[in-house]
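For the sequence shown, the positions run 0 to 675 when numbering that gives the first Met the number 0 is used. Step one of this worksheet: look at the structure below.
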Amino acid sequence: MSKKKAAKPVSKKAAKPAAKKAVKAAGSSSKSLLVENRVFKPSADFVKKARISSMAQYQKMHAESLKNPDKFFGREAKELSWSRPFKKVLDWKCPNAKWFVGGQLNVSVNCLDRHLDGPRKTKAAIIWEGEPGEKRVITYQQLHRDVCRFANVLKRHKVKKGDRVVIYMPMVPEAAVAMLACTRIGAMHSVVFGGFSAESIKDRVTDCGATMVITADGGYRRGAVVALKKNVDDALKGGDTPVKSVIVLRRTGQDVHIEEGRDYWWHRELEYVDAKCPAVAMDSEAPLFILYTSGSTGKPKGILHTTGGYLLHAYMTSKYVFDLRDDDVYWCTADIGWVTGHSYMVYGPLAMGATSLMYEGAPNWPENDRFWRIIEEYGVTVFYTAPTAIRAFMKWGDEWLKKHDLSSLRLLGTVGEPINPEAWMWYHNQVGGGRCPIVDTWWQTETGGHMITPIPGAIPTKPGTATLPFFGVDAAVVDDLGKEVGKDEQGKLVIRKPWPSMLRGIWGDKDRYQKTYWSDFKGWYFAGDGARRDKDGYFWIIGRIDDVLNVAGHRLGTAEVESALVSHAAVAEAAVVGRPDELKGQGVVCFVTVKEGVKTSRDLSEELKKHVRKVIGPVATPDEIRFAAALPKTRSGKIMRRLLKQIASGETLKGDTTTLEDINVIAALAAASGED
Ligand code: WTA
0 MSKKKAAKPV SKKAAKPAAK KAVKAAGSSS KSLLVENRVF KPSADFVKKA RISSMAQYQK
60 MHAESLKNPD KFFGREAKEL SWSRPFKKVL DWKCPNAKWF VGGQLNVSVN CLDRHLDGPR
120 KTKAAIIWEG EPGEKRVITY QQLHRDVCRF ANVLKRHKVK KGDRVVIYMP MVPEAAVAML
180 ACTRIGAMHS VVFGGFSAES IKDRVTDCGA TMVITADGGY RRGAVVALKK NVDDALKGGD
240 TPVKSVIVLR RTGQDVHIEE GRDYWWHREL EYVDAKCPAV AMDSEAPLFI LYTSGSTGKP
300 KGILHTTGGY LLHAYMTSKY VFDLRDDDVY WCTADIGWVT GHSYMVYGPL AMGATSLMYE
360 GAPNWPENDR FWRIIEEYGV TVFYTAPTAI RAFMKWGDEW LKKHDLSSLR LLGTVGEPIN
420 PEAWMWYHNQ VGGGRCPIVD TWWQTETGGH MITPIPGAIP TKPGTATLPF FGVDAAVVDD
480 LGKEVGKDEQ GKLVIRKPWP SMLRGIWGDK DRYQKTYWSD FKGWYFAGDG ARRDKDGYFW
540 IIGRIDDVLN VAGHRLGTAE VESALVSHAA VAEAAVVGRP DELKGQGVVC FVTVKEGVKT
600 SRDLSEELKK HVRKVIGPVA TPDEIRFAAA LPKTRSGKIM RRLLKQIASG ETLKGDTTTL
660 EDINVIAALA AASGED
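Below you can see the structure in the form of structure tokens.
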């Protein structure tokens with residue numbers, strides 16, 4: 000048992016454990032029936048060692064970061080290794096930002112080479128555990144060597160500075176090696192999550208013009224093998240993509256097709272190269288990676304991040320928010336295919352010289368205590384996961400944690416969706432033993448790193464709020480005209496100043512970049528989220544207010560699912576909405592009208608679910624298909640999603656329905672079920 004003292008709630012109400020009300024928290028979905036009014040301050044022990052240890056210190060630094068970003072970020076950026084110093088901190092002409100103008104650096108040098116001069120050389124950079132149970136510890140020196148060798152493999156295959164490489168891999172250290180090898184030679188990577196389909200790979204490969212795909216034969220997930228190479232084969236079938244070579248890591252050992260002249264085994268390629276690979280000095284604004292994410296319309300957009308600003312923000316947040324120290328064992332449970340895996344499994348922690356733990360598989364394999372087992376075994380000190388996982392752990396029961404000693408933990412984090420106070424309290428008490436601060440970090444693929452988050456030694460936390468903006472982040476909640484709303488009023492979350500790790504564009508679509516993010520409020524970034532601020536100025540994120548769903552912390556565009564559905568021969572029209580889901584945050588409900596002569600049935604419903612899985616990937620599997628004779632539309636033909644959402648959630652219908660074209664449609668929809 001840890002001797003550390005429990006964090007003390009500080010509000011007056013705290014004395015009464017009954018400070019919980021059985022009412023719905025404002026802004027939270029129906030997944031929580033608990034309001035928790037207590038305020039939690041970090042323990043004296045935590046504060047004593049913290050880099051930022053008081054609210055006053057945070058406020059002073061935050062004010063300086065907004066008023067004098069040149070000075071603030073100029074100072075912070077000196078902690079990175081530059082091969083040529085920057086001349087100017089920021090050049091901003093909305094919506095185009097240039098950070099650290101004139102500076103040159105290399106990301107892999109910052110994540111690896113610079114740690115080799117001192118004691119970190121033999122320190123664990125990555126601790127890895129495979130789902131079947133293999134264990135590997137890779138030191139900074141070894142990782143450096145692996146990255147250099149693989150960078151030479153890239154060069155052997157004519158990958159050059161500025162080229163795009165798609166990475167479709169399981170959660171193995173080689174995924175990080177592949178990413179870092181790209182950065183070493185200035186190639187851009189685009190990691191595609193292993194839960195996406197062949198079609199999704201093809202779309203991304205084509206959109207970014209990738210000349211190489213790096214994959215594995217398969218990966219392990221919940222005891223089964225995910226056939227990654229097969230998906231890549233299907234994606235490249237027909238040869239109409241720009242891909243020239245595919246590098247295949249042998250992970251699971253099952254038979255895979257190897258196409259002569261295109262596919263090469265990772266281990267074989269290593270035989271031809273040596274371990275010396277000079278890093279290419281990249282301009283601070285050189286593109287670093289593209290990561291596709293869902294928007295409210297059309298196909299996923301390729302979010303573009305560049306070198307210096309992104310790396311600095313990932314580094315700074317790892318330092319100030321995760322408070323990473325040389326003796327920490329830090330574990331981020333996100334997949335490398337999401338931005339969280341990029342910033343907080345690879346780039347942030349490695350730039351800090353920290354030890355980053357990586358686990359390949361599912362949290363409930365072979366049993367529900369796999370995560371707790373890992374925390375105990377490796378002495379994890381900082382743990383970062385998603386509310387959807389926390390809710391699953393709660394459901395599985397406390398006995399799974401009780402079997403393990405979690406006293407090594409000192410700091411917890413969450414990301415991906417609003418955390419309901421009930422889950423927050425459980426995380427705090429059961430996982431954190433009441434002694435670990437929780438950093439609830441709000442951010443997006445587009446923002447590159449944490450935007451609104453507690454600074455753990457300085458900002459008291461309240462269950463369910465991401466608290467206050469990080470340095471350089473000028474966040475506000477505004478009405479449609481851009482006026483700040485009053486206390487506790489709901490509005491749109493905007494960022495009013497550029498920040499170092501902001502996206503620099505959407506790959507190949509300048510107009511969409513301007514239109515999507517910078518047009519609702521001139522000169523400001525609109526995040527797509529709703530929020531409110533409380534009396535202390537804390538931000539409570541309500542969630543997406545555009546047509547983007549958040550399913551188990553994964554972003555999914557309703558338009559994407561709709562277009563997948565209508566690509567099926569039986570479907571005439573489809574409308575997709577989210578409904579509150581206790582575990583996943585949101586579930587996917589699809590309203591479907593079928594073509595003339597098609598008979599609806601349970602089989603068809605299952606077939607449509609499968610079809611969506613095939614088109615987008617298992618990540619988008621619908622929870623429910625509801626057949627309808629027609630969809631409710633306004634006179635101008637717009638589908639009334641608000642009504643569909645209410646129907647999907649089983650709520651009684653509210654609001655004005657006078658603009659409905661056919662009011663009878665509503666009654667029929669409410670009554671319709673997945674079967675006929
Ligand atoms: C949501 C993930 C509330 C939000 C890093 C955002 C959150 C979207 C939080 C981005 C949080 C993320 N509290 N909501 N702490 N973190 N979100 O691009 O709706 O996959 O817009 O990036 O997740 O999802 P993305």
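For glycine and all other residues, C-beta sits at the position ideal for the given N, C-alpha and C. Computed from a prediction, not measured in an experiment: that's the story for all the values here.
**Prompt:** Any heavy atom of the ligand WTA closer than 7 Å to the Cβ of Gln443?
**Reply:** For Gln443, the distance from the CB to the nearest heavy atom of the ligand WTA is below 7 Å.
**Request:** Kindly indicate which three-state DSSP category Val158 falls into: helix, strand or coil?
**Result:** Val158 falls in the coil class under three-state DSSP.
**Prompt:** Leu405 bridges to which residues according to DSSP?
**Reply:** When DSSP reads this structure, Leu405 sits in no beta bridge, so it has no partner.
**Item:** alpha helix (DSSP H) runs wholly inside the stretch 366-443, at least 4 long, in chain order
**Value:** Qualifying alpha helix (DSSP H) stretches, in chain order: 369-377, 386-395, 398-401, 420-425.
**Request:** Use the C-beta contact count for Asp546: other C-beta atoms within 10 angstroms, 16 or more gives buried, fewer gives exposed.
**Result:** Asp546 comes out buried.
**Prompt:** Looking at the structure shown, is Pro453 part of a helix, part of a strand, or coil, going by DSSP?
**Reply:** Of the three classes helix, strand and coil, the one that applies to Pro453 here is coil, per DSSP.
**Cβ neighbours of Ala474 in the same chain (closer than 8 Å, five flanking residues each side left out)** = Excluding positions up to five away in sequence, the list reads Met450, Ile451, Pro468, Leu492, Val493, Ile494, Arg495, Phe538.
**Message:** Residues in the same chain with beta-carbon distance under 6 Å from Lys269, minus the five sequence neighbours each way, listed in chain order, please.
**Reply:** In the sequence as presented, Lys is not what sits at residue 269; that position holds Leu. Result list for Leu269: Arg148, in chain order.
**Prompt:** Are the beta-carbon atoms belonging to Ala197 and Pro241 less than 8 Å from one another?
**Reply:** No, Cβ-Cβ distance for Ala197 and Pro241 is not below 8 Å.
**Asked** Which one of Ala385, Leu405, Lys401 has the shortest CA to CA distance from Asn549?
**Response** Nearest in C-alpha terms to Asn549, of all of Ala385, Leu405, Lys401, is Ala385.
**Message:** From the DSSP secondary-structure annotation, give me the bridge partner or partners of Ile458.
**Reply:** Under DSSP, Ile458 shares a beta bridge with no residue.
**Asked** Rounded to a whole number of angstroms, what is the C-alpha to C-alpha distance between Leu79 and Asp325?
**Response** Computed Cα separation, rounded: 17 Å.
**Prompt:** Using 8 Å as the Cβ pair cut-off and three pairs as the minimum, do the stretch 514-530 and the stretch 312-325 touch?
**Reply:** No, they do not touch.
**Request:** Using 10 angstroms around the beta-carbon of Leu411, count the other beta-carbons present and answer buried if the total reaches 16, otherwise exposed.
**Result:** Answer is buried; the Cβ neighbour count reaches 16.
**Asked** Out of curiosity, what's the CA-to-CA distance linking Val225 and Gly586?
**Response** Cα to Cα, the separation comes out at about 23 Å.
**Asked** Should the stretch 110-125 be called in touch with the stretch 148-165, which here means at least 3 C-beta pairs below 8 Å?
**Response** Result no; under three Cβ-Cβ pairs closer than 8 Å.
**Test item: CB-CB of Gly193 and Gly336 under 8 Å** = One thing to note: Gly193 has its Cβ within 8 Å of the Cβ of Gly336.
**Cβ neighbours of Arg267 in the same chain (closer than 6 Å, five flanking residues each side left out)** = Cβ neighbours of Arg267 beyond the five flanking positions: none.
**Closest by C-alpha distance to Glu35, when choosing among Pro420, Lys66, Gly297, Gly347** = Closest in C-alpha terms to Glu35, from the list Pro420, Lys66, Gly297, Gly347, comes Pro420.
**Close beta carbons around Ile246, own chain, < 6 Å, minus the five adjacent residues each side** = Cβ contact annotation for Ile246 (same chain, cutoff 6 Å, sequence separation greater than five): Ile213, Tyr263, Trp265, in chain order.
**Asked** In the DSSP assignment, what residue or residues form a beta bridge with Phe195?
**Response** Per DSSP, none; premise fails for Phe195.
**Prompt:** For Glu133, which three-state DSSP category applies?
**Reply:** Reduced to three states, the DSSP call for Glu133 is coil.
**Asked** Just the Cα atoms here: how many angstroms apart are Ile646 and Gln489?
**Response** So the alpha carbons of these two residues sit roughly 23 Å apart.
**Item:** heavy atom of the ligand WTA below 7 Å from Arg144 C-beta
**Value:** Flag unset: Cβ of Arg144 not near the ligand WTA.
**Request:** Evaluate Ser500 with the Cβ neighbour count: other Cβ atoms within 10 Å of its Cβ, from every protein chain shown; 16 or more gives buried, anything less gives exposed.
**Result:** Counting C-beta atoms within 10 angstroms of its own C-beta, Ser500 has 16 or more neighbours from the protein chains shown and is therefore classed as buried.
**Asked** Within the present structure, is the beta-carbon of Pro417 separated from the nearest heavy atom of the ligand WTA by less than 7 Å?
**Response** For Pro417, the distance from the CB to the nearest heavy atom of the ligand WTA is below 7 Å.
**Message:** For Trp330, list the residues DSSP reports as bridge partners.
**Reply:** Trp330 pairs with Leu356, Phe382.
**Asked** Does the Cβ-Cβ distance between Thr354 and Ala123 come in under 8 Å?
**Response** Contact: yes.
**Asked** In whole angstroms, what is the alpha-carbon distance linking Thr701 and His61?
**Response** No statement about residue 701 is possible, as the shown extent of the chain runs from 0 to 675 and does not include it.
**Own chain partners of Leu405 with C-beta closer than 6 Å, once the 5 adjacent residues on each side are dropped** = Excluding residues up to 5 positions away in sequence, Ile374 lie with their Cβ nearer than 6 Å to the Cβ of Leu405 in the same chain.
**Request:** Could you tell me whether the Cβ atoms of Pro219 and Glu284 are closer together than 8 Å?
**Result:** Here residue 219 turns out to be Tyr, not Pro, going by the sequence shown. For Tyr219 and Glu284, no; Cβs fall outside 8 Å.
**Where the beta strand (DSSP E) containing Asn95 begins and where it ends** = 95-100 is the span of the beta strand (DSSP E), which, as asked, contains Asn95.
**Prompt:** Looking only at its own chain, which residues have a Cβ that is under 7 Å from the Cβ of Ala180, when we skip the five neighbours before and after it?
**Reply:** In the same chain as Ala180, and ignoring 5 residues on each side of it, the C-beta atoms closer than 7 Å to its own belong to Val146, Phe149, Ala150, Leu153, in chain order.
**Message:** At the level of alpha carbons, what is the spacing between Thr676 and Lys609?
**Reply:** Summary: the structure shown does not reach residue 676, with the chain confined to residues 0 through 675, and so no result is reported for it.
**Heavy atom of the ligand WTA within 7 Å of Gly577 beta-carbon** = Gly577 Cβ: outside cutoff for every heavy atom of the ligand WTA.
**Asked** What does a CB cutoff of less than 7 Å around Gly297 pick up in its chain, not counting 5 residues either side in sequence?
**Response** Counting only Cβ-Cβ distances below 7 Å, and skipping sequence neighbours, we find Ala558.
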